[in-house]
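When the letters of the sequence shown are read in order and numbered with UniProt numbering, they come out as residues 1 to 233.
Note that CB positions come from ideal geometry on N, CA and C, so glycine has one too.
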Amino acid sequence: ASTGAVSIVVLGLGAGAISLSAGAFAGAFAAFAFVALLTNGARGGNERTILAGVAASQLFNAITAYTISTSASAQQARDVMFWLLGSFSGVRWPEFQLVIVVVLAGLAVCLWYARALDAFTFGDDAAASLGIAVPRVRLILFTTAALITATIVSMAGSIGFVGLVVSHVMRFFFGPLHRTLLIASALAGAILMVLADIASRLLIAPQSLPVGVVTALVGVPFFAVIIYRSRNK
């Protein structure tokens with residue numbers, strides 16, 4: 001998503017909320033298509049999906065870096081790099097209202113398919129045996145997730161590890177049923193972002209850190225714990 005938004009800004013194709021969101025959505029959907037191609041439509045297993053995600057991340061990071069280094073001025077490059085690490089400093093009420101509309105609409109779609117998400121945890125074959133149109137539902141959910149991600153990234157930049165940390169913690173407290181898990185994760189994610197933004201402004205005051213730096217400081221150790229626990233199971 002950030003690759004598309006950066007391309008819009010650096011290449012001078014637009015700077016408004018709609019232009020940035022459209023660029024971010026194009027980037028997010030391109031990344032999804034790339035991963036889906038490598039994993040044969042998500043039938044390649046978890047390990048293959050993770051490797052495809054890493055490959056997509058490196059590819060689009062390289063495209064972003066190339067776009068910035070060849071097309072941006074020094075000041076523009078610094079601004080874009082700060083934005084890429086995540087910052088709420090440039091978000092205004094009109095952009096915030098757009099985010100609220102998209103997130104609530106996307107959450108409603110995900111809640112509508114909560115039972116399908118529950119079935120997906122048992123595999124595609126099990127979901128299909130329950131009468132779920134797996135390819136269609138997966139496309140709808142991935143498109144919804146891409147739209148939500150693109151809208152948020154276009155406003156606040158790329159803030160990593162939020163979904164990873166929050167979803168695992170909420171699953172521990174509320175269980176695997178997605179109707180509850182989705183709502184709990186949305187609320188907990190919003191609270192985490194407020195706390196991370198406060199921390200980013202206080203840690204090296206009067207200067208501020210990008211919010212993505214704070215979430216990475218929390219997320220990387222958390223990710224390491226998840227890998228360690230999964231290895232010992």
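Suppose the cutoff is 8 Å on Cβ atoms and the five residues either side in sequence are ignored; what does the same chain contact list for Leu181 look like?
Ser167, Met170, Arg171, Phe174 and Gly175
Would you report the Cα separation of Ala28 and Arg229, rounded to the nearest angstrom?
30 Å
Minimum length 4: unbroken alpha helix (DSSP H) runs contained in the region 132 to 218:
134 to 156, 162 to 174 and 178 to 202
Should Leu85 go down as buried or exposed, given a rule of 16 or more other Cβ atoms within 10 Å for buried?
buried
Does DSSP classify Thr70 as helix, strand or coil?
helix
C-beta contact flag for Val134 and Thr64 at 8 Å
no
Same chain, Cβ closer than 8 Å to Tyr113, five either side skipped, listed in chain order:
Val137, Ile140 and Leu141
Which same chain residues end up closer than 6 Å to Val214 when comparing Cβ atoms and leaving out the 5 residues on each side of it in sequence?
Ala196, Ala199 and Ser200
With C-beta atoms as the reference, is Val91 less than 8 Å away from Ala156?
yes
Where do the ends of the alpha helix (DSSP H) carrying Leu111 lie?
Trp93 to Trp112
Just to confirm, are Leu147 and Val99 a CB contact at a threshold of 8 Å?
no
Bounding residues of the alpha helix (DSSP H) (the contiguous stretch that carries Ser129)
Asp124 to Ser129
Classification of Phe122 by the beta-carbon crowding that lies within 10 angstroms, buried from 16 upward
exposed
To the nearest angstrom, how far is the alpha carbon of Ser208 from that of Met81?
14 Å
Cα-Cα separation, Ile159 to Ala128
34 Å
Thr121 - DSSP class collapsed to helix/strand/coil:
coil
Identify, in the order they occur along the chain, each residue of the same chain with its Cβ nearer than 6 Å to the Cβ of Val109, setting aside the five sequence neighbours on each side.
Thr144
State the DSSP-derived secondary structure class of Thr64, mapped to helix, strand or coil.
helix
Since Leu107 and Ala186 should fall inside the 8 Å C-beta cutoff, what is the C-beta to C-beta distance between them, to a whole number of angstroms?
6 Å
When you compare each of Pro94, Leu217, Leu111 and Arg115 to Ala184 by their alpha carbons, which one comes out closest?
Leu111
Span separating the alpha-carbon of Val35 from that of Trp93:
34 Å
Looking at the structure shown, is Phe25 part of a helix, part of a strand, or coil, going by DSSP?
helix
Which of the three DSSP states, helix, strand or coil, is assigned to Phe88?
coil
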